[in-house]
Amino acid sequence: MDLYLASASPRRRELLAQIGVAFERIAAPVDETPLLNEDPHGYVLRLARAKAQAGWLALQSQGLPPHPVLAADTTVVLDGELLGKPDDANHASQMLRRLSGGTHLVLTALAVTEQDKVETVLSESRVTFMPLSDAQIAAYVASGEPMDKAGAYGIQGRAGLFVAHLEGSFTGVVGLPLHETAQLLARWGLGALA
Numbered sequence: 002m003d004l005y006l007a008s009a010s011p012r013r014r015e016l017l018a019q020i021g022v023a024f025e026r027i028a029a030p031v032d033e034t035p036l037l038n039e040d041p042h043g044y045v046l047r048l049a050r051a052k053a054q055a056g057w058l059a060l061q062s063q064g065l066p067p068h069p070v071l072a073a074d075t076t077v078v079l080d081g082e083l084l085g086k087p088d089d090a091n092h093a094s095q096m097l098r099r100l101s102g103g104t105h106l107v108l109t110a111l112a113v114t115e116q117d118k119v120e121t122v123l124s125e126s127r128v129t130f131m132p133l134s135d136a137q138i139a140a141y142v143a144s145g146e147p148m149d150k151a152g153a154y155g156i157q158g159r160a161g162l163f164v165a166h167l168e169g170s171f172t173g174v175v176g177l178p179l180h181e182t183a184q185l186l187a188r189w190g191l192g193a194l195a
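In this text, residue positions in the sequence shown follow my numbering: the first is 2, and each later residue adds one.
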């Protein structure tokens with residue numbers, strides 16, 4: 002094992018395994034409430050650091066072998082506003098209507114920590130959606146896919162059909178930008194690029 006992954010996301014686990022990193026998952030829940038007047042970049046970086054540090058504390062409290070902890074946070078930003086995970090189907094529909102026919106930002110921050118050392122990196126992508134009809138939004142929301150995803154969509158799933166243009170990192174939009182992840186892990190002597 003190379004490191005711990007402080008994430009419950011199956012998508013992040015799949016992506017990390019894809020680049021040949023041996024890891025174990027560790028639970029690291031944190032409060033994801035944005036701070037007053039917190040900018041989106043600061044928000045995702047703060048949460049990635051907090052998740053990594055929570056993972057480090059969890060492995061210490063459980064008496065697990067000390068290895069670096071990797072964590073990530075992804076958010077969708079539209080006109081400076083954070084679009085987190087939808088509360089319910091109606092909320093998901095509202096988000097998708099707002100994203101329809103426009104361009105939004107997807108930010109994914111990564112953090113690796115071990116003891117007092119923490120390093121972060123940020124991936125920024127621009128995603129343009131085609132105009133969506135009410136019927137397309139309703140069908141997508143009924144699939145259940147948007148319910149646990151920032152911005153109420155998963156680019157790796159059915160919502161990939163909505164994407165007219167992507168500038169940046171596809172895997173960053175999914176939740177774990179592989180290029181940035183590999184570079185960050187290499188600085189710790191881990192992974193394929195180390």
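Each residue gets a CB set at the ideal place from its N, CA and C atoms; glycine is no exception.
All values reported here derive from a predicted model rather than from experimental measurement.
Original post:
Assuming residue 112 contacts residue 50 under a Cβ cut-off of 8 Å, what Cβ separation, rounded to an integer in Å, is found between them?
Top reply: 5 Å
Original post:
Bridge partners of residue 74, per DSSP?
Top reply: In the DSSP output, where bridge partners are listed per residue, residue 74 has 110.
Original post:
Who are the Cβ neighbours of residue 96 in its own chain at under 7 Å, not counting the five residues just before and after it?
Top reply: 84, 87, 152 and 153
Original post:
Quick one: is residue 144 buried, meaning 16 or more other Cβ sit within 10 Å of its Cβ, or exposed?
Top reply: Exposed, since its Cβ has fewer than 16 Cβ neighbours within 10 Å.
Original post:
When burial is assigned at 16 or more other CB atoms within 10 Å of the CB, is residue 62 buried or exposed?
Top reply: exposed
**OP:** Let me know if residue 104 comes out buried or exposed under the rule of 16 or more other beta-carbons within 10 Å of its beta-carbon.
**Re:** Exposed, by the Cβ-count rule.
Original post:
Leaving out five residues before and five after residue 78 in sequence, what residues of the same chain have Cβ atoms less than 8 Å from its Cβ?
Top reply: 41, 84, 105, 106, 107 and 108
Original post:
Opposite residue 105 in the DSSP bridges: which residues?
Top reply: 128
**OP:** Could you name the residues of the same chain whose beta carbon sits closer than 8 Å to that of residue 20, not counting the 5 residues immediately before and after it, in chain order?
**Re:** 179, 182, 183, 192 and 193
Original post:
Taking the C-alpha atoms as reference points, what is the distance between residue 15 and residue 147?
Top reply: 19 Å
Original post:
In the structure shown, what three-state DSSP assignment does residue 188 receive?
Top reply: coil
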